[in-house]
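Student: In terms of the working numbering, the sequence shown is residues 648 to 1118.
No residue lacks a Cβ here, since even glycine has one placed at the ideal position from N, Cα and C.
One structure coming up, written as structure tokens, with questions to follow.
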Amino acid sequence: MNSSISSAALRVGICVSTLSIFIIDTLTSLNMAVAVLYVLVILIAMNSFCAYGLCMVSLACAGLTLAAYFISHCDELLTSALARCLVSLIAIAITAWLAAKSQKANDRLQEQLRLLAHTHDAIMVCSMDSTIRTWNVGAQNLYGWTKEEAIGKKCWELLKSQSSISIMEIRAELLREGSWEGELTQSTRNGKTVIISTRWLLSRDGHGFPRSILASNNDITDARIAEEALHRSQVTLAHISRVTTVGELMASIAHEVNQPLTAIATNAEAARRWLGRSSPDLDEARAAIERTASDAKRASEIIQRIRAMTRKTEPKYESLDLGRVMAETLTLLDREIQQHKIKVFCHLGHRRSPVLGDQIQLQQVLINLIMNSIQAISLSTNSLRNLYLTIREEAGQSIVEVRDSGEGVDAGHLDVLFEAFFTTKVDGMGMGLSICRSIIESHSGRIWAKSNAGEGAVFSFSLPCALELIK
């Protein structure tokens, strides 16, 4: 209501001013270009009329200038009055053109401001000292403070912003690059903590000096909670898979544990006999006891490996030698390999760069891939019963290959091998390779398979070398 009254009053004022200039220009004999004052009318009209209205006002001013000239100087057309008239018309034309251009630019700016004001993103503009200057509807919906409450406050103090890096580092990158993006932890008006994905853009003035910061914020709290839930599910699923694998290998595990236990019993009996002689042989008894201790340590190490496989823990990333992980895996699977009369060829390389990973998870991947190869070889009609294990480096990646001499994988299955619940086994669940892919991808790696019918399958995965990750 008040806006409409003000607009109407302004338009009446424009009409009165235009009429006053026309009367002065027509009825007085001032030796000056009075009509130049129409420039003021056009500038005022720029903010009161649309583009069409501004054009009409400009044409009216030009028409009144000509009318005043002909009325006052009809008998002296080629005098200084004509020059003043031409100067006035040129001034009116230039002003009208600049006003139209400015009005068009202002309309575009206002449209952009309206879009920003109603976007779902939280948009704010802050001065270089973090004072909030602009606060859109998205920011109000996200944080709870109205525009009137937020403007003038210090952004970092109002939102209690926290980051994994200091504000000084953020500002340094912003000044250097002109933009910065990352994650912040902030607080809303009701005290709720939210995780924000934010992007900052630096605005500079005409001299290149920093003027303000435009921040676009999105609430990703729910996404982070979902990611954590997914991570917990993956850890649980991987744990279940390991326990299932240990169950399938129970006969091999029992054999591995039984070997040192049998040796312990044998050495203990030998020590007893050496000590029970009429002249005890202490050296032989000591050697038997040392062998007993060594076998007990070996049995303990086997049990510790099994416990580690079945324990549900968060991944522990450390520098690992894949060759050593492979060797320990083969120790666990030794009985399975011997039982199926498989010949293993290892090419583990002499100079291996370490990788950053969780030993238990990577061992789980190797057990799964090697067990799949053992089963493929056992079902094959091929006379060769060979398993080839290779570790090599290529372009900063450690690549592990598990190749068998089985029947291979159907070409139509290669694209879906690592999908959950896909299996070619009658009693399979289709989770093993899917879990392998999840583990390798969580290590920033890649896993794939290739096969030629009748020539066996090759399962490979790559992991970045630890030195590459540091770079």
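1. What first and last residue would you give for the alpha helix (DSSP H) that runs through residue 815?
2. DSSP state of residue 1117, grouped into three classes?
3. Pull up the distance between the alpha-carbon of residue 815 and that of residue 758, whole angstroms please.
4. Between the Cα of residue 729 and those of 682, 770, 690, 701, spot the shortest distance and give me the residue it belongs to.
5. Applying the criterion that 16 or more other CB atoms from any shown protein chain within 10 Å of the CB defines a buried residue, is residue 1053 buried or exposed?
6. Where residue 808 and residue 968 are concerned, what is the direct C-alpha to C-alpha distance, given to the nearest angstrom?
7. Return helix, strand or coil for residue 1007, following the three-state DSSP convention.
8. At what residues does the alpha helix (DSSP H) containing residue 983 begin and finish?
9. If distances are taken between C-alpha atoms only, which option among 793, 875, 747, 818 comes closest to residue 774?
10. Within the same chain, show all residues whose beta-carbon is closer than 7 Å to that of residue 1117, passing over the 5 residues directly before and after it, in chain order.
11. Could you tell me which of 821, 988, 771 sits nearest to residue 797, measuring between CA atoms?
12. Identify whether residue 703 lies in helix, strand or coil by the three-state DSSP scheme.
13. Considering just the uninterrupted stretch of the beta strand (DSSP E) at residue 685, what are its terminal residues?
14. Just to confirm my understanding: we take residue 661, look at its own chain, exclude 5 residues before and 5 after, and list those with CB closer than 8 Å. What are they?
15. Which stretch, first to last residue, makes up the beta strand (DSSP E) that contains residue 1049?
16. In angstroms with no decimal places, state the Cα-to-Cα distance between residue 835 and residue 789.
17. Return the residue from the list 911, 920, 971 that minimises the CA-CA distance to residue 946.
18. Cα separation between residue 743 and residue 784?
19. Could you compute how far the alpha carbon of residue 828 sits from the alpha carbon of residue 811?
20. Would you call residue 675 buried or exposed, if buried means 16 or more other Cβ atoms sit within 10 Å of its Cβ?
21. The beta strand (DSSP E) spanning residue 1026 covers which residue range?
Tutor: Walking through what the data contain:
1. It spans 814-824 - the alpha helix (DSSP H) in which residue 815 sits, taken as one unbroken run.
2. Caution applies to residue 1117, whose pLDDT of 48 falls short of 50 and renders its modelled position unreliable; the value that the coordinates give is listed next. Residue state, collapsed to three classes: helix.
3. Straight through space, the alpha carbons of residue 758 and residue 815 are spaced by roughly 34 Å.
4. When only C-alpha atoms are compared, the closest one is 682.
5. Buried, by the Cβ-count rule.
6. Those two C-alpha atoms are separated by around 41 Å.
7. Helix at residue 1007.
8. Counting along the chain, residue 983 sits inside the alpha helix (DSSP H) bounded by residues 981-986.
9. The residue with the shortest Cα to Cα distance from residue 774 is 818.
10. Residue placement at residue 1117 is flagged as unreliable, the pLDDT there being 48, under the threshold of 50; the coordinate-derived value follows with that caveat. Within its own chain, no residue has a Cβ closer than 7 Å to the Cβ of residue 1117 once the five positions on either side in sequence are excluded.
11. Selection 821, 988, 771 evaluated against residue 797 yields 771 as nearest (Cα-Cα).
12. Annotated three-state conformation of residue 703 is helix, per DSSP.
13. DSSP places residue 685 outside any beta strand (DSSP E); the residue lies instead in the alpha helix (DSSP H), whose first and last residues are 685-693.
14. Excluding sequence neighbours, residue 661 sits near 688, 691, 692, 695, 704.
15. First-last of the beta strand (DSSP E) with residue 1049: 1044-1051.
16. Roughly 7 Å separates the two Cα atoms.
17. Minimum Cα distance to residue 946 is reached at 911.
18. Linking residue 743 to residue 784 through their CA atoms gives a straight-line distance of about 36 Å.
19. Using only the alpha carbons, I get a separation of about 13 Å.
20. Flag for residue 675 reads exposed.
21. No beta strand (DSSP E) contains residue 1026, which DSSP labels as neither H nor E.
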